[in-house]
Amino acid sequence: MITTVDKGNSIVILNIQQYETKIQNFLDKNNFQTSTSNPTKTFQNQVRKIINHSTTHIPQKSKWKFINLNPSAPTIKGLIKLHKLDQPIRPNVNWRNAPAYKLSKLFTQKINQFTPLPYSFNIKNTTELIHELQRTPISSTSTFASLDITNMYSNIPITETKQILEDIISHNLTDPQMKYELLNWYDVITKQNYFLNNNNIII
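So the sequence shown is residues 1017 to 1219, counted in this note's numbering.
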């Protein structure tokens, strides 16, 4: 099979069994479990319900735009980490056909609009990083540090993130109904944390 690498524009040709072993090693290491049922239909009903009860953020005539009419379980793809020992995978979950995909995009827009973070340390691309470094005073005694998160996909703290979000919303004096709806969206979206691998539902 042919797949892409985690960093760079290279591709990798490897045995399918070897690739599937790397995927399985990732699942085992992070304590994923196999489900006996596909929750897509249940999640779809939850999304429809939460959208229908959203009265402040979504106009009645536009509600259909944020419902994925033919949803399916997200699928996982492994990007090979050639720069690391044993060349493990970085999981890339395709959420485009998931029940909450369209709602999650709207959620991102609303969060940026109503609850902007007080500080931003993100960069868009390598060019922006270079420009930022050029504007940063660097002396002969400066020290650079690189911080990394191991398997970020499986280690995002859902509960703590919601509390941070709620605190920011309250600090910005957002309308209570808007706050209620946004936090409900967050719950519905983050609970849909599953994907399909080799015809098995993984949670």
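In this text, a Cβ means the ideal position worked out from N, Cα and C, and glycines have one as well.
Computed from a predicted model, the values in this text were never measured in an experiment.
Residue state for LEU1098 is assigned as coil, using DSSP reduced to three classes. In the DSSP assignment, PHE1211 forms a beta bridge with ILE1218. Cα atoms of ASN1138 and PHE1211: separation of roughly 28 Å, rounded to the nearest angstrom. Checking the DSSP bridge columns, you'll see THR1019 partnered with VAL1028. With fewer than three CB-CB distances shorter than 8 Å, the segment 1141-1157 does not count as touching the segment 1186-1204.
Here THR1131 is near ILE1185, since their CB atoms are less than 7 Å apart. Straight-line spacing of the CA atoms in SER1156 and ASN1046 works out to 41 Å.
Within the same chain, and ignoring the five residues on either side of LYS1126 in sequence, the residues whose Cβ sits closer than 7 Å to its Cβ are HIS1073 and LEU1198. Burial state of ALA1116 is buried, judged by a 10 Å Cβ sphere holding 16 or more other Cβ atoms.
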